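Trainee: Right, I'll just put the structure down here and ask away after.
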Amino acid sequence: MGRYLSTLRIFWIASLTAELEYKANFVIELVATAGNLVGSIFVLSLFYGRGQSLGGWSWEGALVVLGVYTLLEGVTSTLLQPNLSTIVAHVRTGSLDFVLLKPIDSQFWLSARTFSPWGLPGIALGAGLIGYAAWRAGASPAPLTLLAAALMLVASLLILYSLWFVLAASSIWFVKIWNATEVLRSVLVAGRFPVSAFPAGLRAFFTFVVPVAFLTTVPAEAILGRASGPWLLAGGAVAAGSLVVSRWFWQFALRFYTSASS
Amino acid sequence: MAIVCAQGLGKTYRVADKQPGLAGTLRHFVNRRERAIEAVRDVSFSIEPGEFVGFLGANGAGKTTTLKMLTGLIHPTSGTVEVAGCQPQRRQADFLGQITLVMGQKQQLIWDLPPLDSLRVNAAVYGIPPEESRRRIAELAEMLELGDELRRPVRKLSLGQRMKAELLAALLHRPAVLFLDEPTLGLDVNAQARVRSFLADYNRRFGATVLLTSHYMADITALCPRVLLIHEGRLFYDGGLETLTQRLAPCREVRLELHAPMGADAFASYGEVESIEGREVRLLIPRERLTEQVGRLLADHAVVDLSISDPPIEDIIGRLFHQGALA
């Protein structure tokens, strides 16, 4: 465990050093993320313009969902996108061999190798929006609420990670998989709105097929102190399940790589 | 105790049997046919600790497949393999910490960063303490004649410098067994020579076992007292480089300069006539009858000049690589 932590530290210092060569990027990214967020808030405000509401959610509640979405986007740009996109490159160039020859878990290496600071503005803005909107909605910062909220946020990150990883890992068979993860990314845009805002059919799809509901709506409910026990349990179970599936899938994919590569 | 041991090693790939063109693709889509390709069959050998072994074979002979089985990157279809007391395909941390693989056409260094940053990553992954890793980097850098290059981004290094830095990264954890796949590929003659002398030095200093593949015969002749020759997936030869020459070239070439031109029939009884051009005759005579036949030639004909030569190993194996056929 200690070796993994110190490895993680070295990984991230190395990638920060590489990225910080381009300091202007940080400002650009901050402006882009803020612009995006303002745009999303504007679209959201259109729904609430004439005293209407979205799927029974208050304006502040919907803002919390948007905050969670922005936070997830930030984590995506910081960790998921930069790491998992290189899996495809590793498979194509054969440098996956070097990863497999290291005495360290290959899934850990592939998932945590790079740390890109460009998603940090998104994480900060998302967290800020969550805090502000939760305060305006009158959510109480009781320890139990905070704990549930933290757990559901972690669960949401794990689900997103596992989905992404499984898609990226399938590049072992279909080397050009990058388009598929783009599709995933656009489906996840649905997470900007509470899942109850969608028609029943889509709602089922976003809960059971692509668990968008668990990515933003369930954490937002937990933040607002409205999460029911069954939903919290379901969130935890889906997260644990996805993680297990992603690990199993990787081992499965490696069996193909290691028996058929050239 | 052998440190590398392969017993009846075999690998069969299943590949799609597909005709070219759109029609072929469609036919393949409807009626999928697969073909089994035996890349490696029934290969057995063992290597003692500290040995420096050359691994020869034409492109596609099965060298890389064998190396990948020895490093655990692919699973053998048949047979067993044991390296440093472990089964490679299980890829246990204990095993991975004892081996390394260097591939001339692939690189592990981070492109945009100086090699030192990649080395730091490797040190962490292999659990080498910072103090110890600094010491090892200094030692290996000195052996490789690397200095400031370690602080320059990899993309700004020459191919030779990059290969040396790759070697450093691959050897930081001080592996007991080195698998080197074309480590001198594309390097100029000087850089090749430097890598070669480093490898010899490393092998001596740390008693490491090395299995080396190379298309440059100079690498093999300079470094490897023993060679394995693989041909069409089978182990064709395992032994000293000298004996291989004799086995691949059982004849020696005798060149004669005659006093006056003669017909080919006159020489048929001495050996195989390669060519006759005017007064110049070239004959191939089996080694064991060489002295006797040369004696007869000198006695029977008016010979102005005579020379005997061994075809150089480069030519023999080069011919083998290019023709892909063994006599």
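Chains as they are written, first to last, in the working numbering: chain A, 378 to 639; chain B, 46 to 372. Think of the CB as a built atom: it goes at the ideal place given N, C-alpha and C, for glycine as much as any other residue. As the structure is a prediction and not an experimental result, all values here were calculated from the model.
Measure the Cβ-Cβ separation of I353 (chain B) and R297 (chain B) and say whether it is below 8 Å.
Mentor: yes
Trainee: Could you say if the stretch 53 to 63 of chain B and the stretch 565 to 574 of chain A meet the contact criterion of at least three C-beta pairs nearer than 8 Å?
Mentor: no
Trainee: Among residues of its own chain, excluding the 5 on either side of V420 (chain A), which ones have a beta-carbon nearer than 7 Å to its beta-carbon?
Mentor: none
Trainee: Once DSSP output is grouped into helix, strand and coil, what is the label at L579 (chain A)?
Mentor: Of the three classes helix, strand and coil, the one that applies to L579 (chain A) here is helix, per DSSP.
Trainee: Does DSSP classify E96 (chain B) as helix, strand or coil?
Mentor: coil
Trainee: How about K377 (chain B): is its C-beta nearer than 8 Å to some C-beta of chain A?
Mentor: Coverage of chain B is limited to positions 46 through 372, which leaves residue 377 (chain B) absent and any answer about it impossible.
Trainee: Between S178 (chain B) and A186 (chain B), how many whole angstroms is the CB-CB distance? I'm expecting something under 8 Å.
Mentor: Between A186 (chain B) and S178 (chain B) the Cβ distance is about 12 Å, and since that is not below 8 Å, they are no contact.
Trainee: Which first and last residues belong to the beta strand (DSSP E) in which I321 (chain B) is found?
Mentor: E317 to E322
Trainee: Under the assumption that Q244 (chain B) contacts L195 (chain B) (Cβ atoms under 8 Å), give the Cβ distance between them as a whole number of angstroms.
Mentor: Here the sequence assigns Leu to residue 244 (chain B), which means Gln is not the residue at that position. Going by Cβ atoms, the distance from L244 (chain B) to L195 (chain B) rounds to 19 Å, so no, they are not a contact pair.
Trainee: What alpha helix (DSSP H) runs, 4 residues minimum, are completely inside the stretch 164 to 208 of chain B?
Mentor: 175 to 189
Trainee: What residues match up with F90 (chain B) in a beta bridge as DSSP calls it?
Mentor: B:A51
Trainee: Please look up how many angstroms separate the CB atoms of W434 (chain A) and S573 (chain A), rounded, as I've assumed it's under 8 Å.
Mentor: 7 Å
Trainee: Is it the case that the Cβ atoms of V299 (chain B) and L351 (chain B) are separated by a distance below 8 Å?
Mentor: A contact, by the Cβ cut-off of 8 Å.
Trainee: Is DSSP giving E362 (chain A) helix, strand or coil here?
Mentor: The requested residue 362 (chain A) does not occur in the structure, where chain A is confined to residues 378 to 639.
Trainee: By Cβ distance below 7 Å, which residues in the same chain neighbour E230 (chain B) in space, the five residues on each side in sequence not counted?
Mentor: First, the residue type needs correcting, since residue 230 (chain B) is Leu and not Glu in the sequence shown. For L230 (chain B), where only same-chain residues beyond five positions count, the Cβ hits under 7 Å are G149 and Q150.
Trainee: Roughly how many whole angstroms lie between the Cα atoms of F336 (chain B) and A106 (chain B)?
Mentor: The residue asked about is misnamed: residue 336 (chain B) is Thr in this sequence, not Phe. Cα to Cα, T336 (chain B) sits roughly 37 Å from A106 (chain B).
Trainee: Tell me, please, whether the CB atom of P480 (chain A) is closer than 8 Å to any CB atom in chain B?
Mentor: The C-beta of P480 (chain A) comes closer than 8 Å to at least one C-beta of chain B.
Trainee: Considering just the uninterrupted stretch of the beta strand (DSSP E) at E396 (chain A), what are its terminal residues?
Mentor: Looking at the DSSP string, E396 (chain A) is not in any beta strand (DSSP E); the run it does join, the alpha helix (DSSP H), is G379 to E396.
Trainee: Would you say L274 (chain B) and G102 (chain B) are within 8 Å of each other, going by their C-beta atoms?
Mentor: yes
Trainee: Check whether the stretch 69 to 83 of chain B and the stretch 587 to 595 of chain A are in contact - that is, three or more C-beta pairs closer than 8 Å.
Mentor: no
Trainee: Distance, Cα to Cα, G444 (chain A) vs P518 (chain A)?
Mentor: In this structure, the straight-line span from the alpha carbon of G444 (chain A) to that of P518 (chain A) is close to 17 Å.
Trainee: What number of angstroms, rounded off, separates the C-alpha of A372 (chain B) from the C-alpha of A294 (chain B)?
Mentor: In this prediction, A372 (chain B) scores a pLDDT of 43, lower than 50, which makes its location untrustworthy; the coordinate-derived value is nonetheless stated afterwards. Each residue's alpha carbon lies about 9 Å from the other.
Trainee: Residues of chain B with CB closer than 8 Å to the CB of S472 (chain A), please, in chain order.
Mentor: K151, Q152 and Q153
Trainee: If the cut-off is 9 Å on Cβ atoms, which residues from the stretch 111 to 137 of chain B count as contacting chain A, listed in chain order?
Mentor: K113, T116, G117, L118, I119, H120, T122, Q134, R136 and Q137
Trainee: Anything in chain B within Cβ reach of T394 (chain A), meaning under 8 Å, just list it in chain order.
Mentor: L158 and D162
Trainee: Comparing the C-beta of L146 (chain B) with each C-beta of chain A, is any distance below 8 Å?
Mentor: By this cut-off, L146 (chain B) is an interface position.
Trainee: Give me whichever residues DSSP pairs with D139 (chain B) in a beta bridge.
Mentor: Paired residues: none, contrary to the question.
Trainee: Within the same chain, show all residues whose beta-carbon is closer than 7 Å to that of L189 (chain B), passing over the 5 residues directly before and after it, in chain order.
Mentor: K209, L212, L213 and F243
Trainee: Along chain A, which residues have their Cβ under 7 Å away from the Cβ of R165 (chain B)?
Mentor: Simply I387 and A391.
Trainee: Does F475 (chain A) have its Cβ less than 8 Å from a Cβ in chain B?
Mentor: yes
Trainee: Please look up how many angstroms separate the CB atoms of I425 (chain B) and G316 (chain B), rounded, as I've assumed it's under 8 Å.
Mentor: This structure cannot settle anything about residue 425 (chain B), because the visible part of chain B is limited to 46 through 372.
Trainee: Whole angstroms are fine: how far does the CA of S547 (chain A) sit from the CA of S639 (chain A)?
Mentor: Low local confidence applies: a pLDDT of 46 at S639 (chain A) is under 50, so the model's placement there is unreliable, with the coordinate-based value given in what follows. Going by the C-alpha atoms only, they are around 17 Å apart.
Trainee: Cutting at 8 Å between CB atoms, please list the residues of its own chain near Y171 (chain B), excluding the five before and the five after it.
Mentor: G142, L217 and H218
Trainee: Just the Cα atoms here: how many angstroms apart are G323 (chain B) and V348 (chain B)?
Mentor: 13 Å
Trainee: Could you give the distance in angstroms between the alpha-carbon of H120 (chain B) and the alpha-carbon of A611 (chain A)?
Mentor: 39 Å
Trainee: With V543 (chain A) and V622 (chain A) assumed to form a contact (beta carbons below 8 Å), what rounded beta-carbon distance in angstroms separates them?
Mentor: 7 Å
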